[in-house]
Amino acid sequence: DTEVTQTPKHLVMGMTNKKSLKCEQHMGHRAMYWYKQKAKKPPELMFVYSYEKLSINESVPSRFSPECPNSSLLNLHLHALQPEDSALYLCASSLTAHEYGGYTFGSGTRLTVV
Amino acid sequence: AQSVTQLDSQVPVFEEAPVELRCNYSSSVSVYLFWYVQYPNQGLQLLLKYLSGSTLVKGINGFEAEFNKSQTSFHLRKPSVHISDTAEYFCAVSEASGGYNKLIFGAGTRLAVHP
Chain A
284 DTEVTQTPKH
294 LVMGMTNKKS
304 LKCEQHMGHR
314 AMYWYKQKAK
324 KPPELMFVYS
334 YEKLSINESV
344 PSRFSPECPN
354 SSLLNLHLHA
364 LQPEDSALYL
374 CASSLTAHEY
384 GGYTFGSGTR
394 LTVV
Chain B
743 AQSVTQLDSQ
753 VPVFEEAPVE
763 LRCNYSSSVS
773 VYLFWYVQYP
783 NQGLQLLLKY
793 LSGSTLVKGI
803 NGFEAEFNKS
813 QTSFHLRKPS
823 VHISDTAEYF
833 CAVSEASGGY
843 NKLIFGAGTR
853 LAVHP
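Quick note, the sequences are listed as chains A and B, same order. If you read the first sequence in this note's numbering, its first letter stands for residue 284, the second for the next number, and so on. If you read the second sequence in this note's numbering, its first letter stands for residue 743, the second for the next number, and so on.
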């Protein structure tokens, strides 16, 4: 298995809703990442998890709450989002967070906040 | 902090023509460079990477890139493009941060292949 799987593929949520994005990989990677990509922009790093511990938080608002329950799974919990949070949310993984070999990305969850 | 600059936001080209997508990086002692491709409504796929060794790097789908330290460039090339190569291409650099490495992307180049 050489994939990163993200669910759901599309999500529409209201500003008062609570929802979660899910990311799963079975490649034995010990680093997982959340990126946010606005339309026609490059991906921007949000969080880095290394060995299930949060290692980097790029000053992301608290309405985004990451969770790494085990080495294969990464969640992003969403609460009280704003319309400007609408974007493609990409999950990625790599063997470790210390290597330079590049990441494997999932197909993303396209989030629309109404 | 590391950075990459993609010099062209859009590159139109005819099918079967050669193409070059340009990328310059900020100078550093050690640099690790990548090209990713993103097809519409999809995630990113690694095309190729330069970590060390030979400056000419071959990737998937017939793409190659050349690492040029003196010009701080890592341009992506393909000798003959297909309609299916139409996509967004991102150059990226690996940056060390607090003992961890994170991938920093350029602004992207939209390659549009016309028949």
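Where is the CB? At the ideal position from N, CA and C, for every residue including glycine. The structure displayed is predicted, hence computed values, not measured ones.
Considering only beta carbons, the part of the stretch 786 to 814 of chain B lying closer than 8 Å to chain A consists of 786, 787, 788, 791 and 793, in chain order. Residue 383 of chain A places its beta carbon 9 Å or farther from that of residue 304 of chain A.
Annotated three-state conformation of residue 857 of chain B is coil, per DSSP. Between the alpha carbons of residue 764 of chain B and residue 300 of chain A lies a distance of about 43 Å. Judged by their CB atoms, residue 315 of chain A and residue 285 of chain A are not nearer to each other than the 9 Å cut-off. Under the Cβ criterion of 9 Å, residue 327 of chain A is counted among the residues facing chain B.
For residue 835 of chain B and residue 750 of chain B, the gap between their C-alpha atoms comes out near 17 Å.
Neighbours of residue 330 of chain A across chain B, judged by C-beta separation under 9 Å, do not exist; the nearest C-beta is about 10 Å away. Secondary structure at residue 366 of chain A: helix, using DSSP grouped into helix, strand and coil. Exposure of residue 782 of chain B is indicated by the presence of fewer than 16 other C-beta atoms within 10 angstroms of its C-beta. Secondary structure of residue 826 of chain B (DSSP, three-state): helix. DSSP lists A:360 as the beta-bridge partner residues of residue 348 of chain A.
Leaving aside the five residues that flank residue 760 of chain B on each side, the residues in its chain whose CB is nearer than 6 Å to its CB run, in chain order, 821.
A check of alpha carbon separations from residue 792 of chain B across B:784, B:831, B:815 and B:830 identifies B:815 as the nearest. Neighbours of residue 776 of chain B in chain A, taken as residues whose beta carbon is under 8 Å from its own, are 385 in chain order.
Chain-ordered, the chain B residues with CB closer than 7 Å to the CB of residue 338 of chain A read 842.
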